[in-house]
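Quick note on numbering that gives the first Met the number 0: the sequence shown kicks off at 0 and runs consecutively.
Backbone N, C-alpha and C fix where the C-beta goes; we use that ideal spot for every residue, glycine too.
Remember, predicted model here, so these are calculated numbers, not experimental data.
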Amino acid sequence: MPNHPATFLEINLDALKHNYHFFRNILNPGVKILAVVKAFAYGHEAVAVAKKLAELGVDYLAVAFVREAIPLRKAGVQTPILVLHPQVHEVKDCVAYNLEPNLYSFRILKDFIAYFKKESIQDFPVHLKINTGLNRLGFKVEDAESILDLIEEEQLINIKSVFSHLVASEDPAEKEFTQQQIADYQKVLDVFSKRGYGSFIKHMCNTSGTLNYPEAHFDMVRIGIGMYGYANETKWTNKLKNVGSLYSIISQIHEIQKGETVGYNRGFMANKKIRTATIPLGHADGIPRSWGQGANAFLINGKKALILGNVCMDMTMVDVTDIECKEGDQVILFDSQNDVIELAHNTQTISYEILTAISQRVPRIIKKDIP
Ligand SMILES: *Cc1c(COP(=O)(O)O)cnc(C)c1O
């Protein structure tokens, strides 16, 4: 009996190291790397991934929410952490855990400054986000002067970076829009510079921005999906390695006679005698119901087993009529970039969604720990 769980997401930290070095090598010396480890490191394993990246010398980490950053600090990660989406009531935790908040609106900027004043905190590191077209979070381009007026009133914060985020960096058809975003961001930098602020870190590229717009690397790039092995183009993805692989086993095999059905709501009806395998992973584990009805397949002994009927909460049934297999055999949900890209493509989604959907019920195992 193997001494790992039947179902597990294998985390390959050597692949992470490979990807980190890939990005290091395409950047000019001096350009920093911020690794995005939000959403459990895109579903992988945030603490293990963050520790490995820290060991590799990553300059910054970023998470979306304060609650994602605290476990990293508790695990001893000392790398600066940018929190992309803090709330006003989280300023205390930012101070307690040395987390660097992104201040994205006048409301949060004022509240944080008021707290620093009340607590006599000086020089607290913060980041300012400029909205150049995504219309999600951030100050307007025209706000640059007013931001500085407000900051100069109290002089309690240390502007670690001013940054923006690209809308469609993966899409060549949106090149003009992207270039306008870069120009607008540059306008903001010019205002800051005229008023004597320029020593902060400038950054606006995510993974595909980094690959497609070398002219916009500025001082730092923010690599999320690329760190886990995926890029917007095959030529780039081929140079990366997937960090996560999802495995399970066949729990049970059934012979189904013509006219019998499989699963809830009789979602599949056999029009001939078939053989099915039950896999202990369902929609509560991150296998979406949209994969059902044959939309996607898993790999069993090198062959594709199509999903039959509806995905259940804890189980999925697949067709193994033409596959030589037995109960206890391994099932590969994905163990290559192509697998993930195909699963995503077949159900009109993207690798990001497949990876981050893998729920916390699925054990994560570091590859070296698997005998
Ligand atoms: C998530 C995120 C990233 C990472 O994007 P990828 O496309 O995964 O590289 C970068 N910057 C911001 C602001 C983000 O929210």
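Going by DSSP, what residue range makes up the alpha helix (DSSP H) through residue i?
{"i": "I150", "result": "A143 to E153"}
{"i": "V65", "result": "V65 to K73"}
{"i": "E341", "result": "Q336 to N345"}
{"i": "V190", "result": "K174 to K193"}
{"i": "L298", "result": "That residue, L298, is in no alpha helix (DSSP H); its beta strand (DSSP E) goes A296 to I299."}
{"i": "I353", "result": "S350 to A356"}
{"i": "K302", "result": "Segment K302 to L305 is the beta strand (DSSP E) holding K302; no alpha helix (DSSP H) there."}
{"i": "L210", "result": "T206 to N211"}
{"i": "K238", "result": "Per DSSP, K238 belongs to no alpha helix (DSSP H) and is neither H nor E."}
Identify every residue that forms a DSSP beta bridge with residue i.
{"i": "V102", "result": "Checking the displayed sequence, the identity of residue 102 turns out to be Leu instead of Val. In the DSSP output, where bridge partners are listed per residue, L102 has L127."}
{"i": "Q329", "result": "I248"}
{"i": "E254", "result": "R274"}
{"i": "F138", "result": "I129"}
{"i": "C93", "result": "None; C93 has no bridge partner."}
{"i": "E429", "result": "Any question about residue 429 goes unanswered here, given that the chain covers just 0 to 370."}
{"i": "K201", "result": "V161"}
{"i": "M219", "result": "K31 and H202"}
{"i": "M268", "result": "T260"}
Beta strand (DSSP E) containing residue i: first to last residue?
{"i": "D318", "result": "T315 to D318"}
{"i": "N157", "result": "I156 to S163"}
{"i": "A34", "result": "K31 to V35"}
{"i": "V62", "result": "Y59 to V62"}
{"i": "V48", "result": "From DSSP, V48 is part of no beta strand (DSSP E) but of the alpha helix (DSSP H) over A45 to L55."}
{"i": "L81", "result": "I80 to V82"}
My understanding is that residue i touches residue j, with C-beta atoms under 8 Å, so please give their C-beta distance in whole angstroms.
{"i": "S207", "j": "S168", "result": "4 Å"}
{"i": "I306", "j": "T315", "result": "6 Å"}
{"i": "V62", "j": "L33", "result": "No, V62 and L33 are not in contact; Cβ-Cβ is about 11 Å, not under 8 Å."}
{"i": "I376", "j": "L8", "result": "The question about residue 376 has no answer, for the chain in this structure spans 0 to 370."}
{"i": "I376", "j": "D318", "result": "The displayed coordinates of the chain run from 0 to 370. Any statement about residue 376 would go beyond what the structure contains."}
{"i": "I150", "j": "F115", "result": "Contact doesn't hold; Cβ gap of about 11 Å is too wide."}
{"i": "I200", "j": "D183", "result": "At roughly 18 Å, the Cβ-Cβ gap does not stay under 8 Å, so I200 and D183 are not in contact."}
{"i": "I107", "j": "E153", "result": "So it is not a contact: roughly 15 Å between Cβ atoms."}
{"i": "P70", "j": "V46", "result": "6 Å"}
{"i": "H20", "j": "Y227", "result": "At roughly 14 Å, the Cβ-Cβ gap does not stay under 8 Å, so H20 and Y227 are not in contact."}
{"i": "A269", "j": "G258", "result": "7 Å"}
{"i": "D58", "j": "K16", "result": "Not quite, the Cβ-Cβ distance comes to about 16 Å (not below 8 Å), so this is no contact."}
{"i": "A68", "j": "K50", "result": "Contact flag wrong, Cβ pair sits at about 14 Å."}
{"i": "I252", "j": "T275", "result": "7 Å"}
{"i": "K302", "j": "I10", "result": "That belief does not hold up - the Cβ atoms of K302 and I10 are roughly 26 Å apart, past 8 Å."}
{"i": "H88", "j": "I364", "result": "With 8 Å as the limit, H88 and I364 do not qualify as a contact, their Cβ atoms being about 36 Å apart."}
{"i": "V36", "j": "A53", "result": "In fact, because the Cβ distance is near 10 Å, the residues do not count as touching under 8 Å."}
{"i": "L55", "j": "H216", "result": "Contact flag wrong, Cβ pair sits at about 19 Å."}
{"i": "K186", "j": "V140", "result": "6 Å"}
{"i": "T355", "j": "A14", "result": "Contact flag wrong, Cβ pair sits at about 18 Å."}
{"i": "V339", "j": "T6", "result": "The Cβ separation is near 17 Å, so there is no contact."}
At least one CB of chain C closer than 9 Å to the CB of residue i: is that the case?
{"i": "I107", "result": "The chain inventory of the structure shown lacks chain C, comprising one protein chain alone."}
**Prompt:** Pairing CB atoms from the stretch 269 to 288 with CB atoms from the stretch 302 to 312, are three or more of them under 8 Å?
**Reply:** These segments touch.
**Request:** Spell out a yes or no on whether the stretch 128 to 147 and the stretch 183 to 200 are touching, meaning 3 or more CB-CB pairs, one atom from each, closer than 8 Å.
**Result:** Yes: at least three Cβ pairs fall under 8 Å.
**Request:** Just jot down, in chain order, the residues whose CB lies closer than 5 Å to any heavy atom of ligand 1.
**Result:** Qualifying residues come out as V35, H164, N205, T206, R221, G223 and I224.
**Asked** Three or more C-beta pairs closer than 8 Å, one from the stretch 212 to 223 and one from the stretch 234 to 251: is that the case here?
**Response** They do not touch, by the three-pair rule.
**Prompt:** So does the stretch 231 to 238 actually touch the stretch 202 to 217, counting three or more Cβ pairs closer than 8 Å?
**Reply:** The stretch 231 to 238, when compared against the stretch 202 to 217, does touch it at the 8 Å Cβ threshold.
**Prompt:** So does the stretch 246 to 266 actually touch the stretch 329 to 337, counting three or more Cβ pairs closer than 8 Å?
**Reply:** Between the stretch 246 to 266 and the stretch 329 to 337 there are three or more C-beta pairs closer than 8 Å, enough to call the two in contact.
**Asked** Does the count of Cβ pairs from the stretch 162 to 178 and the stretch 128 to 139 closer than 8 Å reach three?
**Response** Pairwise C-beta distances place the stretch 162 to 178 in contact with the stretch 128 to 139, as three or more of them are shorter than 8 Å.
**Request:** Could you tell me whether the stretch 290 to 306 touches the stretch 333 to 348, where touching means 3 or more Cβ pairs closer than 8 Å?
**Result:** Three or more beta-carbon pairs separated by less than 8 Å link the stretch 290 to 306 to the stretch 333 to 348, which places the two stretches in contact.
**Asked** If you pair each beta-carbon of the stretch 80 to 100 with each one of the stretch 116 to 129, do three or more pairs fall below 8 Å?
**Response** By the Cβ test, the stretch 80 to 100 is in contact with the stretch 116 to 129, since at least three Cβ pairs between them sit closer than 8 Å.
**Prompt:** Counting pairs of beta carbons, one from the stretch 97 to 112 and one from the stretch 69 to 87, are three or more of them closer than 8 Å?
**Reply:** Enough Cβ pairs lie closer than 8 Å, so yes.
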